[in-house]
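When we follow my numbering, the leftmost residue of the sequence shown carries the number -19, and every step to the right adds one. Cβ coordinates follow ideal geometry from the N, Cα and C atoms, glycine included. Here the structure is a predicted model, which means the values were calculated and not measured. Below: one structure, written as structure tokens.
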Amino acid sequence: MTRKSNSKARGNNKILISKVEMTMALWRKSLGDLISHIIAGALVAAFCLVFPVEVAAVKVDASKVSWDSPKGKKCKSCHRKETPGLWNEWHEGAHGKADVNCYDCHQADKDDVDHIKHKGFDIAVIVSPSDCARCHETEVNQFKGSHHSKAVAILDGIDNFLGKEIVGATAVDTGCIVCHGSTVKIEDGELDPATWPNTGIGRVNPDGSIGSCTACHTRHRFSKAQARQPTTCGRCHSGDHQPQLESYNSSKHGMLFAADREKMNLESDQWIVGKDYYDAPTCTTCHMGQVKGVAGDLEVTHDVGERLSWNLRGEVSQKEALVIYENGDRESWPEDGDEDVPEEGDEVEKDGKTRTVAQVLGVEARRERMTLVCINCHSEIYVKAFYNQLDSLVELYNEKFAKPGLAIMTDLKERGLLTRQDFDENLEWIWYELWRKAGRNARSGIAMTATAEYTWWQGMYEVAKRFYNDFLPEVERIAGDQVYKELTEKHLKDIEGHQWYFEARKGKN
Ligand code: HEC
Ligand code: HEC
Ligand code: HEC
Ligand code: HEC
Ligand code: HEC
Ligand code: HEC
Ligand code: HEC
Ligand code: HEC
């Protein structure tokens, strides 16, 4: 991978709202600088007075498409009788109300791979993001760049090996793909029942497009109100290995959502935190939602990763910048990795493809976006303290357990004491559950402000128990006294916090 600096192109492509960058830059100035704060506040207030009406983003670009196709009349009248449940869902939803009919979405060309002849009409059963893009280009483009759209592509590596080889391919085809998405195939002109129905988040569609919007917007209502609720995300973000829903439910935010749900104004057309609702934030408030505040605005984003600064799911956590290319691709880029984070205008070469960087959101910029959400209900100082706690816990996990653990695993492999094959030895299972289950619970638990159950009992408590009680004894068993001593001296003894263990076991080793 290489990158070329091309400063001429720099700054040409501001994809994301520059007003945020501007006001955030003001905002970042020292807290003590009260005067500039007041001036900034006054400027923003004056700005709002002079330009009271924000130019609303065009939601559906009617100039490019038309709908209420005459062909759709037949679909409606027959399906009203044949599938009344489906018809009512559609009729009561935004599309029914706006006369976007069955044919407007299901129409297909005769040469589309998934085309079928149905009651004399050319249709496709799958309405893919490319079809939605006729009317909702912004949402589709944001989604396309996000990690969500890569959820099938990442179905390889150690987790896939575990599913496919160790358990059996059917486990992947019926398990992983429910959340991650299938690669939908066509068999004899029909959707292959082994790969469809499926509404996994990164589904690969017959037309080559990626994702399924119905992963969050259930058909045929496609309701915003439903998508805004935590259970929408919890369909996939729950359970032992990604307990974000459970963490949220057990947090004060989740507690408040449960208590005040009917006051959340979920049906509102716009859903601006602090204005349209203020009782509690939900998953979408923090990761996608709209903000209009004194310090800056945020539009709804369909890239749920935009406001993150850490990757909390890997063996070792890393802080990552977000690199946005001119072609719309987006990529997380470790801040302290082997390659420097590129800058705007740079050309980045990867896998034989050259792309120009349109914008880079550094770790701080990503945090500032998230902070813009929180400060509708909390003080800035409170939020800084929260990030401080988050960083401390992630660093404790990284430095004390994850990095030395990983170094010992690598060392054992290099010495031939573990095979290169994953999961054929007990230690590999212990290590996998240590970082992927306990380690993730702790890290995503604190991120979602659930400090009790998920950060501690399901999280760091489990990390420590597995490390001292399972991992180290198994390393000792495999390595034998001499090599175990070498390994712990090299990778553990100088790391703060392990001394008590070696002190206590002095007589033993
Ligand atoms: C005369 C009645 C009738 C008309 C007209 C009609 N449909 Fe259907 N459609 C049905 C019935 C009945 C089914 C269920 C078929 C089954 O269960 O095998 C169906 C099934 C479907 C399916 C699922 C097909 C599959 O293979 O899974 C889609 C999508 C669909 N219709 C869309 C449309 C659209 C779009 C139109 C208009 C262009 C339309 N229908 C017109 C009666 C009709
Ligand atoms: C806003 C676009 C949109 C409109 C309007 C729409 N559909 Fe669909 N429809 C979809 C999507 C998306 C799917 C899910 C396909 C998939 O991804 O698996 C779907 C799936 C279906 C299915 C097959 C799945 C099932 O649950 O059986 C049928 C049947 C169907 N639609 C019929 C209709 C009929 C009839 C109408 C009009 C009353 C209609 N659709 C209007 C987008 C639309
Ligand atoms: C032919 C144009 C067209 C297509 C194709 C289309 N939509 Fe829409 N969509 C609309 C219109 C019009 C509205 C109503 C806008 C409004 O009320 O402001 C709408 C509204 C919505 C909303 C907001 C619903 C609410 O509760 O307010 C969602 C979500 C949505 N569409 C998703 C989709 C998805 C997903 C697809 C593809 C499966 C799709 N749309 C395909 C035209 C379309
Ligand atoms: C219940 C839904 C669900 C199932 C089933 C599931 N996953 Fe996941 N997976 C997720 C979610 C949600 C994440 C993101 C978790 C996070 O960020 O903390 C994820 C993350 C991952 C990652 C890490 C991605 C990255 O960017 O680092 C891999 C790899 C993965 N899953 C593979 C698999 C495989 C292989 C299977 C089946 C053997 C599987 N998953 C089953 C929901 C699921
Ligand atoms: C991860 C869940 C998720 C996925 C996947 C998703 N959406 Fe959404 N979408 C939402 C939420 C939540 C909202 C409401 C945001 C708000 O108003 O706070 C929304 C809102 C919308 C709106 C209404 C915009 C407006 O301003 O009224 C449209 C249109 C839309 N989505 C289209 C799509 C399309 C097209 C796709 C597929 C490319 C898609 N969505 C995929 C969660 C999702
Ligand atoms: C109060 C705001 C807030 C709410 C509510 C919230 N989150 Fe988060 N979430 C965060 C923060 C903050 C982070 C960590 C940000 C960072 O990396 O800097 C995070 C991180 C994540 C991650 C990243 C994990 C990884 O692998 O890196 C996922 C996935 C996630 N949240 C999903 C959810 C889901 C699903 C819900 C609802 C059940 C939810 N969040 C509710 C603020 C929130
Ligand atoms: C159909 C399953 C599914 C649903 C529904 C879903 N997600 Fe995800 N999500 C995933 C998977 C799988 C991943 C991991 C993908 C990867 O790493 O490539 C993921 C990753 C994420 C991440 C990490 C993104 C990043 O850039 O690192 C966040 C944050 C997140 N989801 C939030 C949400 C929120 C908020 C919702 C609800 C509005 C939601 N998700 C709904 C499956 C889902
Ligand atoms: C819509 C308003 C709202 C938003 C937005 C919001 N919070 Fe909260 N948050 C609350 C309320 C209300 C409480 C409960 C206060 C109390 O302790 O009585 C709370 C509690 C908390 C707690 C305390 C948890 C505990 O166990 O005591 C933390 C930490 C927190 N929020 C962090 C955040 C962070 C970080 C963000 C942004 C990523 C955020 N909040 C966004 C309203 C919000």
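Query: On the premise that G269 lies in contact with V253, defined as a C-beta separation below 8 Å, what is that separation, rounded to the nearest angstrom?; Result: 6 Å
Query: So, does the stretch 421 to 437 touch the stretch 222 to 235, judging by three or more C-beta pairs under 8 Å?; Result: yes
Query: For W70 and H200, which I take to be in contact (beta-carbon distance under 8 Å), what is that distance rounded to the nearest angstrom?; Result: 4 Å
Query: Does the beta-carbon distance from I103 to Q122 come in below 8 Å?; Result: no
Query: Check for me: the beta strand (DSSP E) holding T336 runs from which residue to which?; Result: 333 to 341
Query: Can you tell me the Cα-Cα spacing of S189 and A149, whole angstroms?; Result: 24 Å
Query: Examine ligand 1 and report whether any of its heavy atoms sits within less than 7 Å of the Cβ of K333.; Result: no
Query: Which residue from D326, Q298, K333 puts its Cα closest to that of Y316?; Result: According to the sequence as given, residue 316 is Asp; it is not Tyr. When each option's Cα is compared against that of D316, the closest is Q298.
Query: Using only Cβ atoms and a threshold of 5 Å, which residues come within that distance of a heavy atom of ligand 1? Order them by chain position.; Result: K54, C55, C58, E62, C82, Y83, H86, K99, F101, I103, V105
Query: Give me the Cα-Cα distance between C278 and C263, rounded to the nearest whole angstrom.; Result: In the sequence as presented, Cys is not what sits at residue 278; that position holds Leu. In a straight line, the C-alpha of L278 is about 15 Å away from that of C263.
Query: Exposed or buried, K124, counting other C-beta atoms within 10 Å across all chains shown (16 or more means buried)?; Result: buried
Query: Output needed for A78: all residues of its chain with C-beta closer than 6 Å, excluding positions within five of it in sequence on either side, in chain order.; Result: none
Query: From N81 to K54, what does the alpha carbon distance come to, in whole angstroms?; Result: 10 Å
Query: So, with DSSP's three-state summary, where would you put F403?; Result: coil
Query: Closer than 7 Å: is that where the CB of F202 sits relative to any heavy atom of ligand 3?; Result: yes
Query: Touch check for the stretch 165 to 172 and the stretch 194 to 209: three-plus C-beta pairs under 8 Å?; Result: no
Query: Buried or exposed: where does C112 fall if 16 or more other Cβ atoms within 10 Å of its Cβ makes it buried?; Result: buried
Query: Shortest alpha-carbon distance to N356 belongs to which of A260, E466, V132, V280?; Result: A260
Query: Three-state secondary structure (DSSP) at T175?; Result: coil
Query: Residue range of the beta strand (DSSP E) that S57 falls in?; Result: Unbroken run through S57 is the alpha helix (DSSP H), 52 to 62; no beta strand (DSSP E).
Query: In the DSSP assignment, the beta strand (DSSP E) including F101 goes from what residue to what residue?; Result: 101 to 104
Query: Taking 7 Å as the cut-off, is the C-beta of K417 nearer than that to any heavy atom in ligand 7?; Result: no
Query: Any idea if W176 is buried or exposed, counting beta-carbon neighbours within 10 angstroms, 16 or more meaning buried?; Result: buried
Query: Taking S49 and Q224 to be in contact with their CB atoms under 8 Å, please state how far apart those CB atoms are, rounded to whole angstroms.; Result: Not really, about 40 Å apart at Cβ, beyond 8 Å.
Query: Label E226 either buried or exposed according to how many other C-beta atoms from any shown protein chain fall within 10 Å of its C-beta, with 16 as the threshold for buried.; Result: buried
Query: Which residue marks the beginning of the beta strand (DSSP E) containing Q298, and which one marks its end?; Result: 298 to 305
Query: Is the beta carbon of C216 sitting closer than 8 Å to the one on C266?; Result: no
Query: Smallest Cα separation from D94: which of F101, V105, G100?; Result: V105
Query: Do A195 and ligand 7 come close, with the Cβ less than 7 Å from some heavy atom?; Result: yes
Query: Which residues have their C-beta within less than 6 Å of a heavy atom of ligand 8, listed in chain order?; Result: K232, H233, L236, V253, Y258, A260, P261, T265, C266, M350, V353, C354, N356, C357, H358, V363, F366, T429, T431
Query: Name the DSSP beta bridge partners of T163, please?; Result: V184
Query: Under the DSSP definition of a beta bridge, which residues are partnered with I96?; Result: I103
Query: Using a threshold of 8 Å, state whether the C-beta atoms of R335 and E306 are closer than that.; Result: yes
Query: When every heavy atom of ligand 7 is checked, does at least one fall within less than 7 Å of the C-beta of A131?; Result: yes
Query: Helix, strand or coil for N291, going by three-state DSSP, please let me know.; Result: strand
Query: Would you tell me roughly how many angstroms separate the C-alpha atoms of W480 and E379, rounded to the nearest one?; Result: 17 Å
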